[in-house]
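Okay, so the sequence shown: first residue is 11 according to this note's numbering, each after it adds one. Even glycine gets a Cβ: it sits at the ideal position worked out from N, Cα and C.
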Amino acid sequence: MTGRRPALMLAVVLAAVIVAGCSVPLLGTRTPPRLFDLAPPSDFTGAAPPVTWQLGVAEPIAGRALDTDRIALRPDAHELRYYGGARWADRAPRMLQSLLVDSFERSGRIVRVARQSIGFAGDYELHAEIRAFEARLPPGAAGGIPRVHVRLVLRLVRAPRGKIVDTVTLESEAPASGREIEQVVAAFERAVQDVCRKAVAWTIERGEADRVSASRTRTGSGRPTG
């Protein structure tokens with residue numbers, strides 16, 4: 011009986027250690043990252059007049075380094091890092107897709123716009139590639155104040171045949187007011203809003219020009235175009 015007592019005590023100790031070890035993650039000792047979102051622009055003064063066609067916005071494509079919810083920081087031309095303790099509320103491509111859709115809706119310049127991913131069949135499709143979506147430090151200034159750089163390549167496609175109507179590169183830069191993450195995110199928002207305004211104006215102008223051209227061709231030839 012006495013020989014079994016040490017073994018029993020050892021088992022109790024081991025069980026306590028295992029329980030304690032398993033409970034460590036449950037105690038929440040690791041601080042979760044802060045989540046940040048961006049707002050679409052609300053002012054579209056000087057944008058193109060309203061159009062009657064419909065637009066589907068595809069989720070933008072991006073390289074692996076930017077296809078993430080992490081907030082990118084480029085300390086120099088050849089290195090890419092991410093801010094610690096902070097994330098976007100969604101992956102950058104999905105977030106930018108939502109911002110583009112919201113921008114078209116808020117502009118009031120188009121009859122209907124929706125995400126392409128839900129099977130929406132519009133007259134045109136807008137495809138984007140994210141070339142830059144990052145904060146950049148000044149050259150040779152490791153502790154400097156970053157500037158945010160956003161660059162998108164847009165392709166307007168006529169549905170349903172997939173003919174590319176036009177392509178454009180839109181970009182914007184915005185200086186952060188400081189090095190804190192809130193200040194950097196505010197600069198991201200300014201740069202993204204500028205690009206979204208440009209995207210709305212360009213898409214509507216090029217889509218309407220193509221619509222008018224296709225209508226004239228159809229009238230002149232008597233054949234449908236796509």
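Any 3 or more C-beta pairs closer than 8 Å across the stretch 83–100 and the stretch 42–49: Counting Cβ pairs under 8 Å, three or more are found: they touch.
Close-in-space but distant-in-sequence residues of the same chain around Arg216 (CB under 7 Å, 5 per side omitted): Working through the sequence shown from its first residue, we reach residue 216 at position 206. Same-chain partners within the cutoff: Leu166, Val175 and Asp176.
Among Pro60, Gly132 and Glu89, the one whose alpha carbon lies nearest that of Ala145: The residue you call residue 145 lines up with position 135 of the sequence shown. Nearest C-alpha to Ala145: Glu89.
Close-in-space but distant-in-sequence residues of the same chain around Val158 (CB under 6 Å, 5 per side omitted): Residue mapping note: residue 158 aligns to position 148 of the sequence shown, counting from 1. Correct list, in chain order: Ala145, Ala184, Ala197, Phe198 and Ala201.
According to DSSP, residues forming a beta bridge with Asp77: By 1-based counting over the sequence shown, the position of residue 77 is 67. Answer by DSSP bridge pairing: none, since Asp77 is not bridged.
Residue closest to Val222, alpha-carbon to alpha-carbon, out of Ser117, Trp63, Phe143 and Glu181: As a first step, residue 222 is located in the sequence shown; it is residue number 212 there, counting from the start. Residue Trp63 is the option with its Cα nearest to Val222.
Beta-carbon gap between Leu162 and Val205 smaller than 8 Å: For the purposes of this step, residue 162 is taken as residue 152 along the sequence shown, with counting starting at 1. For the purposes of this step, residue 205 is taken as residue 195 along the sequence shown, with counting starting at 1. Going by C-beta atoms, Leu162 is nearer than 8 Å to Val205.
Sheet register partners of Glu139 (DSSP bridge): Counting from one through the sequence shown, the residue named residue 139 turns up at place 129. The partner list for Glu139 (beta bridge, DSSP) reads Ile71 and Val163.
Outcome for Thr227 when other beta-carbon atoms lying within 10 angstroms are tallied against a minimum of 16: For this step, residue 227 is matched to residue 217 along the sequence shown. With fewer than 16 Cβ atoms within 10 Å of its Cβ, Thr227 is classed as exposed.
Whole-angstrom distance between Ser127 and Asp133, CA atom to CA atom: Counting from 1 along the sequence shown, the entry for residue 133 is found at position 123. Counting from 1 along the sequence shown, the entry for residue 127 is found at position 117. Rounded to whole angstroms, Asp133 to Ser127 spans 15 Å at the Cα level.
Nonlocal neighbours in the same chain, by C-beta distance under 7 Å from Ser52, ignoring five residues either side: Position 42 of the sequence shown, counting from 1, holds the residue named residue 52. Only Arg116 meet the Cβ criterion.
Alpha carbon of Gln107 to alpha carbon of Val123, nearest angstrom: To locate residue 107, count along the sequence shown from 1; it is residue 97. To locate residue 123, count along the sequence shown from 1; it is residue 113. Taking the straight line from one Cα to the other gives about 12 Å.
Rounded straight-line distance, which links the Cα of Thr213 to that of Arg189: Taking the sequence shown and counting its residues from 1, one reaches residue 189 at position 179. Taking the sequence shown and counting its residues from 1, one reaches residue 213 at position 203. In a straight line, the C-alpha of Arg189 is about 35 Å away from that of Thr213.
Burial state of Val121, where buried means 16 or more other Cβ atoms lie within 10 Å: Along the sequence shown, read from residue 1 onward, the residue named residue 121 stands at position 111. That one is exposed.
Whole-angstrom distance between Leu48 and Ile81, CA atom to CA atom: Position 71 of the sequence shown, counted from the first residue, corresponds to residue 81. Position 38 of the sequence shown, counted from the first residue, corresponds to residue 48. Whole-angstrom Cα-Cα distance: 12 Å.
Phe114 vs Arg207 beta-carbon contact at 8 Å: As a first step, residue 114 is located in the sequence shown; it is residue number 104 there, counting from the start. As a first step, residue 207 is located in the sequence shown; it is residue number 197 there, counting from the start. Between Phe114 and Arg207, the C-beta gap is not smaller than 8 Å, which leaves the two residues out of contact.
DSSP-derived helix/strand/coil call for Phe114: Within the sequence shown, residue 114 is the residue found at index 104, counting from 1. Three-state result, Phe114: helix.
Sub-8 Å separation of Ala102 and Phe143 beta-carbons: One-based indexing of the sequence shown puts residue 102 at position 92. One-based indexing of the sequence shown puts residue 143 at position 133. Yes. Within cutoff.
Top-ranked residue by Cα proximity to Gly172, from Val61, Pro60 and Ala68: Position 162 of the sequence shown, counted from the start, is the residue given in the question as residue 172. The option with the nearest alpha carbon to Gly172 is Ala68.
Backbone secondary structure at Leu180 - three-state DSSP: For the purposes of this step, residue 180 is taken as residue 170 along the sequence shown, with counting starting at 1. Looking at Leu180 - three-state DSSP - the assignment turns out to be strand.
Own chain partners of Gln203 with C-beta closer than 6 Å, once the 5 adjacent residues on each side are dropped: Locating residue 203 in the sequence shown gives position 193, where the first residue counts as 1. Closer than 6 Å at the Cβ level, and outside the excluded window around Gln203, lie Pro51.
Boundaries (first-last residue) of the beta strand (DSSP E) holding Ile120: Translated into the one-based positions of the sequence shown, residue 120 becomes position 110. Element bounds for Ile120: Ile120 to Arg125.
Cα-Cα separation between Ile71 and Thr179, rounded to whole angstroms: Here residue 71 refers to the residue found at position 61 when the sequence shown is read from its first residue. Here residue 179 refers to the residue found at position 169 when the sequence shown is read from its first residue. Taking the straight line joining both Cα atoms gives about 14 Å.
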